[in-house]
Amino acid sequence: LRRFLSKLRRKHGLPKPNHQERQYQAVVDPPMGQQVQVDFGFAWATTESSRKIRVYGFGAILSHSRYRYLEWRATPFTTASLCETFERCWAYFGGIPKEVVMDQDKLMVVSENNGDILLTETFEVYRQAVGFGVHLCRKSDPESKGRIEAFIKYGKYNFIPHRTFRDIDHVNEECLAWLERTANANIHGITKKVPAEVYAMEREHLRPVPK
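According to the working numbering, the stretch in the sequence shown is residues 53 to 263, in order.
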């Protein structure tokens, strides 16, 4: 097969494809209230006694306004704790978008085949109860949800390392203050708008959180 393809390329003057290259194009922002991107990560925090401990983060970003949410845990996520974190995320956003964009993580996804998604039982029950759609990113392709990837990296390599860990509640208190003071209040580098100001309009397009 390789010789056949090589012969075709020589015959028709076709260049050999570079599989390391990726074609980039501008990504159009989805409508207000349409989409949230979520991701996970862990970071090494330093305690007051200079001991290193691992903390686990959940990040979410409304794709239109770039309004963000970030939360940390002292233990790894389970499907149940993830659903609880989603609840706090929706409360922070003041509503729920139509679609969640996420990785094919085992906490949420059993399998995916050509668009057919099988979610874990717990997450599927939660998804149906809350009422949002799911869009899975291709495996090992973080750039298909680039908005949240950059945010999670910032949390891992900038937010956590520059703070002293007392307990997880204190970390999350500082995190919420940082979101309000900096992450959602400064002009976004790409949109050139303040996320909090755009979110004030996008919030009207989010569905109410079920009671």
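Where is the CB? At the ideal position from N, CA and C, for every residue including glycine. A quick note: this is a predicted structure, and the numbers were derived from the prediction, not measured.
Assign residue i to one of two classes, buried (16 or more other C-beta atoms within 10 Å of its C-beta) or exposed (fewer than that).
| i | result |
| --- | --- |
| Ser115 | buried |
| Gly109 | buried |
| Leu231 | buried |
| Asn238 | exposed |
| Tyr209 | exposed |
| Ala235 | buried |
| Pro128 | exposed |
| Glu256 | exposed |
| Pro247 | buried |
| Glu254 | buried |
| Gln77 | Residue placement at Gln77 is poorly supported in this model, since its pLDDT is 42, which falls under 50; the coordinates still yield a value, given next. Per the 10 Å Cβ criterion, exposed. |
| Ala95 | buried |
For residue i, does the three-state DSSP call read helix, strand or coil?
| i | result |
| --- | --- |
| Asp157 | coil |
| Ala237 | coil |
| Arg120 | strand |
| Val177 | helix |
| Val250 | helix |
| Leu258 | coil |
| Ser163 | strand |
| Ile169 | strand |
| Arg103 | coil |
Determine, using beta carbons only, whether residue i and residue j come nearer to each other than 8 angstroms.
| i | j | result |
| --- | --- | --- |
| Met154 | Thr172 | no |
| Ile200 | Gly111 | yes |
| Phe138 | Leu258 | no |
| Glu100 | Asn224 | no |
| Val261 | Gly185 | no |
| Cys141 | Tyr119 | no |
| Ile204 | Ala97 | no |
| Leu134 | Gln156 | no |
| Arg125 | Ile220 | yes |
| Gly93 | Gly207 | yes |
| Val250 | Ser117 | yes |
| Val80 | Pro149 | no |
| Val90 | Val152 | yes |
| Ala143 | Thr174 | no |
| Val314 | Leu170 | Residue 314 lies beyond the range of the chain shown here (53 to 263); nothing can be said about it. |
| Glu226 | Arg215 | yes |
Based on the DSSP output, what are the partners of residue i in its beta bridges?
| i | result |
| --- | --- |
| Asp219 | Its beta-bridge partners do not exist; DSSP assigns none. |
| Phe94 | Tyr108 |
| Val186 | Val152 |
| Gln86 | Its beta-bridge partners do not exist; DSSP assigns none. |
| Leu134 | None; Leu134 has no bridge partner. |
| Leu114 | Val88 |
| Arg140 | In DSSP, Arg140 forms no bridge with anything. |
Check whether the Cβ of residue i sits closer than 7 angstroms to any heavy atom of the ligand GTP, and report yes or no.
| i | result |
| --- | --- |
| Ala248 | Of ligands this structure carries none, so the ligand GTP is not represented either. |
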